[in-house]
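As numbered in the working numbering, residues 7 to 159 make up the sequence shown, in order. Ideal placement from N, C-alpha and C gives every residue a C-beta, glycine not left out. Small disclaimer: the values here were computed from a predicted structure and weren't measured. Right, one structure below, let's go through it.
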Amino acid sequence: MEVIETPWNRLGKFIELGFGIPFFIVGLFWFFQDRSVAFLYNGVLWIVVGLILLLKAKIDKYKLKILEKEGLFYECFVTGVIPINMIRIGNYLIARIKYTYNSEQSEINDISGCYLLSPWDRVENLSAKIYIKKNNNKQKILILFRKKDIFKV
Numbered sequence: 007m008e009v010i011e012t013p014w015n016r017l018g019k020f021i022e023l024g025f026g027i028p029f030f031i032v033g034l035f036w037f038f039q040d041r042s043v044a045f046l047y048n049g050v051l052w053i054v055v056g057l058i059l060l061l062k063a064k065i066d067k068y069k070l071k072i073l074e075k076e077g078l079f080y081e082c083f084v085t086g087v088i089p090i091n092m093i094r095i096g097n098y099l100i101a102r103i104k105y106t107y108n109s110e111q112s113e114i115n116d117i118s119g120c121y122l123l124s125p126w127d128r129v130e131n132l133s134a135k136i137y138i139k140k141n142n143n144k145q146k147i148l149i150l151f152r153k154k155d156i157f158k159v
């Protein structure tokens with residue numbers, strides 16, 4: 007099974023390498039040519055946005071590590087995929103996952119955060135695990151898996 011990523015890590019790298027660094031380099035060139043700082047500010051802005059997204063990814067990994075040690079673990083059933091149509095990263099689409107899990111008290115239905123799904127991912131090919139903090143049901147992290155590797159021929 008392959009873990010499906012959240013968009014924060016890839017999007018942060020893409021913004022930094024695709025926008026931040028090129029705008030910053032062009033801004034440095036223009037700053038020394040005719041003292042224009044617009045591209046320089048734009049490059050710094052994109053670098054900061056990329057760093058914030060990478061920081062969000064690191065914080066999520068740290069929270070997952072803590073919840074794996076101290077939290078409760080449940081197997082989930084993926085019941086649906088809700089695509090966010092306005093946001094795409096290359097061919098990947100960003101979607102939220104509807105899932106169900108059975109806790110000690112009852113069956114709970116919920117919707118996850120954002121995940122990067124390929125256009126060929128189907129609900130039948132997805133599985134999930136959830137880690138929940140023992141004292142606080144609001145603090146939880148869902149890990150989404152692809153059962154079969156759809157990219158192998």
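### Query
Are the Cβ atoms of glycine 18 and leucine 60 separated by less than 7 Å?
For this step, residue 18 is matched to residue 12 along the sequence shown. For this step, residue 60 is matched to residue 54 along the sequence shown. Result yes, Cβ atoms of glycine 18 and leucine 60 sit closer than 7 Å.
### Task
Quick one: using the 10 Å Cβ neighbour count with 16 as the cut-off for buried, is alanine 44 buried or exposed?
Along the sequence shown, read from residue 1 onward, the residue named residue 44 stands at position 38. Exposed.
### Query
What's the call for isoleucine 100, buried or exposed, on a 16-neighbour Cβ count within 10 Å?
Position 94 of the sequence shown, counted from the start, is the residue given in the question as residue 100. It is buried - the Cβ of isoleucine 100 has at least 16 other Cβ atoms within 10 Å.
### Message
From the DSSP secondary-structure annotation, give me the bridge partner or partners of alanine 5.
### Response
Outside the displayed span of the chain (7 to 159) sits residue 5, for which this structure offers no information.
### Query
Using the C-alpha atoms, what's the distance from phenylalanine 30 back to valine 84?
For the purposes of this step, residue 84 is identified with residue 78 of the sequence shown, where counting begins at 1. For the purposes of this step, residue 30 is identified with residue 24 of the sequence shown, where counting begins at 1. Rounded to whole angstroms, valine 84 to phenylalanine 30 spans 43 Å at the Cα level.
### Query
Looking at the structure shown, is aspartate 127 part of a helix, part of a strand, or coil, going by DSSP?
As a first step, residue 127 is located in the sequence shown; it is residue number 121 there, counting from the start. Correct three-state label for aspartate 127: coil.
### Query
The beta strand (DSSP E) with lysine 144 in it runs from where to where?
Numbered from its first residue, the sequence shown carries residue 144 at position 138. Counting along the chain, lysine 144 falls outside any beta strand (DSSP E), and DSSP gives it neither H nor E.
### Query
Taking 6 Å as the cut-off, does the CB of leucine 59 come closer than this to any heavy atom belonging to the ligand ATP?
In the structure on display, the ligand ATP does not appear, and there are no ligands present to speak of.
### Query
Among residues of its own chain, excluding the 5 on either side of tyrosine 121, which ones have a beta-carbon nearer than 8 Å to its beta-carbon?
For the purposes of this step, residue 121 is taken as residue 115 along the sequence shown, with counting starting at 1. Same-chain partners within the cutoff: Ile10, Glu11, Thr12, Pro13, Ile100, Ala101, Arg102, Ile103, Leu150.
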